[in-house]
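Structure first, then comments.
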Amino acid sequence: KIGYRLSFDTPKGQFINVNGSRVAEIMFEGEINKWLEASLFVDLIDGENTIEIEPSWGWMDVDYIAVPIGVITSVNENIKIPQMFTLEQNYPNPFNPTTKIRYSVPSITANSIPIIQLKIFDVLGREVKTLVNEAAKPGNYEVSFNASELSSGIYFYTLKAGDLYLTNKMNFIK
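Numbering follows my numbering, in which position 111 of the sequence shown is assigned residue number 118; successive positions increment by one, without gaps.
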């Protein structure tokens with residue numbers, strides 16, 4: 008939140024910069040010579056941040072910039088961020104009709120969140136199902152796969168992340 012007072016005509020446009028980068032332009036409007044509030048939500052990095060209001064045009068007084076701090080309620084120290092991409096064997100295998108597939112996205116991707124695709128293919132290489140197609144932060148994931156609409160047989164599941172492909176085989180028995 009930003010507490011402000013307009014000294015002259017309204018509205019007044021001001022740029023909001025975070026850590027030297029312009030993230031928004033906010034229009035301040037309202038009654039002249041009265042303290043008002045405006046809200047703007049921006050993502051901040053962990054640690055120290057520099058927040059600046061850069062005049063776009065017009066003069067105004069700023070009383071405060073309030074930045075809420077999240078409160079940590081618990082910490083799970085047992086969580087380990089993986090160091091490499093992994094694709095585990097599905098469980099159970101053979102299965103009927105559901106199975107679980109686990110995979111990991113490593114911490115080396117922390118600065119660029121990769122698009123992860125997890126797809127199911129038949130023995131002829133035809134795609135039969137896309138289970139995941141989204142950006143994924145570092146961590147461990149588990150996806151359920153229900154094959155009740157498929158025929159019994161061997162299927163392959165492939166994890167794709169950038170140029171990396173990992174593939175495993177699974178056996179569906181009705």
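Where a beta carbon is used, it is the ideal one built from N, C-alpha and C, also for glycine.
- Item | Per DSSP, cross-strand counterpart(s) of Phe179 | The count along the sequence shown starts at 1 and reaches residue 179 at position 172. Per DSSP, the beta bridge partners of Phe179 are Phe102 and Gly160.
- Note down the Cα distance separating Gly20 from Glu55, rounded to an integer number of angstroms. The residue you call residue 20 lines up with position 13 of the sequence shown. The residue you call residue 55 lines up with position 48 of the sequence shown. The alpha-carbon atoms of Gly20 and Glu55 are separated by roughly 26 Å.
- For Val150 and Arg109, the rounded distance between their alpha carbons: Locating residue 109 in the sequence shown gives position 102, counting from the first residue. Locating residue 150 in the sequence shown gives position 143, counting from the first residue. Straight-line Cα distance between these residues: approximately 6 Å.
- Item | Sequence-distant residues of the same chain with beta carbon closer than 7 Å to Pro99, five excluded per side | Here residue 99 is taken as the residue at index 92 of the sequence shown, counted from 1. Here the set comprises Thr106.
- Task: Report the partner residues of Gln90 according to the DSSP bridge assignment.
- Result: By 1-based counting over the sequence shown, the position of residue 90 is 83. Paired residue(s): none; Gln90 is not in a bridge.
- Item | Stretch pair the segment 85 to 94 + the segment 129 to 136: three plus CB contacts closer than 8 Å | no
- Message: So if DSSP puts Lys107 in a beta bridge, which residue, or which two residues, is it bridged to?
- Response: Numbered from its first residue, the sequence shown carries residue 107 at position 100. Answer by DSSP bridge pairing, in chain order: Tyr98 and Ser151.
- Task: Give me the Cα-Cα distance between Asp50 and Ser159, rounded to the nearest whole angstrom.
- Result: Residue numbering aside, residue 50 sits at position 43 when the sequence shown is read from its first letter. Residue numbering aside, residue 159 sits at position 152 when the sequence shown is read from its first letter. When rounded, the distance between both Cα atoms is 48 Å.
- Over the uninterrupted beta strand (DSSP E) stretch that includes Glu134, give me the two end residues. Translated into the one-based positions of the sequence shown, residue 134 becomes position 127. Where Glu134 is concerned, the enclosing beta strand (DSSP E) stretches over Glu134 to Ala142.
- Cβ-Cβ distance between Ile23 and Ile60 below 9 Å: Here residue 23 refers to the residue found at position 16 of the sequence shown. Here residue 60 refers to the residue found at position 53 of the sequence shown. Result yes, Cβ atoms of Ile23 and Ile60 sit closer than 9 Å.
- Cα separation between Val30 and Tyr164? The residue you call residue 30 lines up with position 23 of the sequence shown. The residue you call residue 164 lines up with position 157 of the sequence shown. Going from the Cα of Val30 to the Cα of Tyr164 covers about 40 Å.
- Query: What is the residue span of the beta strand (DSSP E) that Lys126 lies within?
  - Reply: Counting from 1 along the sequence shown, the entry for residue 126 is found at position 119. Its beta strand (DSSP E) spans residues Ile122 to Asp129.
- Along the chain, where does the beta strand (DSSP E) that runs through Pro62 open and close? By 1-based counting over the sequence shown, the position of residue 62 is 55. Pro62 -> beta strand (DSSP E) spans Ile58 to Pro62.
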